[in-house]
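Numbering (the numbering used here), first residue to last: 13 to 266.
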């Protein structure tokens, strides 16, 4: 069996089926299998890993739950390597952070570092249709919100601007990390009601930064794009932290 995945000393010992699932993943990588390729049959897996039928079946259930394999029945059926979608990966990783009590500071500490470098790498390299998509996105919050519900929708839409940028990243890890943080911040904003009370200054400055950023991206000015995004992140961090404090104070007073 391939060597087990390295774990920290504080992690609980993995069950036998989970260990086998990890070994199967290692084997898939070693064999260079891609999404859509057929895995070995059950009898072959039993022989390859020296495990019982029950253990192999449990291991396959683990992999299927993780979204890494998919079973099809009928003619041409079997178990196939399956690529985990970005949406599913974000959902699974989000479950890990669900009880971590993340704060605005936790998220923006990373955003302020990563997003300026992302836009610098994209300057001059973005298709016009994507730039137009960013402009269309900004048009969704062309004026300050008049209701709390509209404020919430504008917050989510303004974060979508950053998700669109993340999708253009040439570095898939960088793009995923930023997209995941945007998703976390969107969820945090909604369930902690950080859009209430409305913050006109956040809307005004945020929209202005985004408009100037599009210009820098279109002009291919990497330094300007980096500078605008850095200012945008610092501004949003300060104002969102203020929103977080106000919401917490209101909750305590009630």
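Cβ atoms here follow ideal geometry from the backbone N, Cα and C, with glycine treated the same way.
Span of the alpha helix (DSSP H) around residue i
i: residue 106; result: 98–109
i: residue 83; result: First-last for residue 83: 81–84, but that is the beta strand (DSSP E), not the alpha helix (DSSP H).
i: residue 231; result: 212–231
Residue environment, residue i, which counts as buried when at least 16 other CB atoms sit within 10 Å
i: residue 225; result: buried
i: residue 248; result: buried
i: residue 148; result: exposed
i: residue 128; result: buried
i: residue 266; result: Confidence in residue 266 is poor, its pLDDT being 48 and thus under 50, which makes the residue's placement unreliable; the coordinate value appears in the next sentence. It is exposed - the Cβ of residue 266 has fewer than 16 other Cβ atoms within 10 Å.
i: residue 120; result: buried
i: residue 257; result: exposed
i: residue 32; result: buried
i: residue 123; result: buried
i: residue 159; result: exposed
i: residue 51; result: buried
i: residue 214; result: buried
i: residue 152; result: exposed
Top-ranked residue by Cα proximity to residue i, from the options
i: residue 110; options: 250, 240, 203; result: 203
i: residue 57; options: 49, 100, 67; result: 67
i: residue 113; options: 254, 197, 155; result: 197
i: residue 47; options: 37, 55, 54; result: 37
i: residue 163; options: 185, 188, 208, 180; result: 208
i: residue 205; options: 35, 100, 252; result: 252
i: residue 231; options: 104, 132, 211, 166; result: 132
i: residue 96; options: 27, 200, 76; result: 76
Residues of its chain near residue i, where Cβ-Cβ distance is below 6 angstroms and the 5 sequence neighbours each way are ignored
i: residue 15; result: With a pLDDT of only 46 at residue 15, under 50, the local geometry of the prediction cannot be trusted, and the value read off the model is given with reservation. For residue 15, where only same-chain residues beyond five positions count, there are no Cβ hits under 6 angstroms.
i: residue 194; result: 171, 174, 175
i: residue 82; result: 92, 94
i: residue 102; result: 192, 195
Continuous beta strand (DSSP E) stretch holding residue i: start and end
i: residue 91; result: 90–93
7 angstroms CB neighbourhood of residue i in its chain, flanking five on each side removed
i: residue 29; result: 67, 70, 71, 74
i: residue 145; result: 176
i: residue 233; result: 135
i: residue 182; result: 133
Contacting residues, own chain, Cβ-Cβ under 8 angstroms from residue i (five flanking each side not counted)
i: residue 60; result: 39, 52
Check whether the region 126–141 and the region 227–244 are in contact - that is, three or more C-beta pairs closer than 8 angstroms. Three or more beta-carbon pairs drawn from the region 126–141 and the region 227–244 are found closer than 8 angstroms, and the two stretches are therefore classed as touching.
Check whether the region 210–229 and the region 99–108 touch, using three or more Cβ-Cβ pairs below 8 angstroms as the test. no
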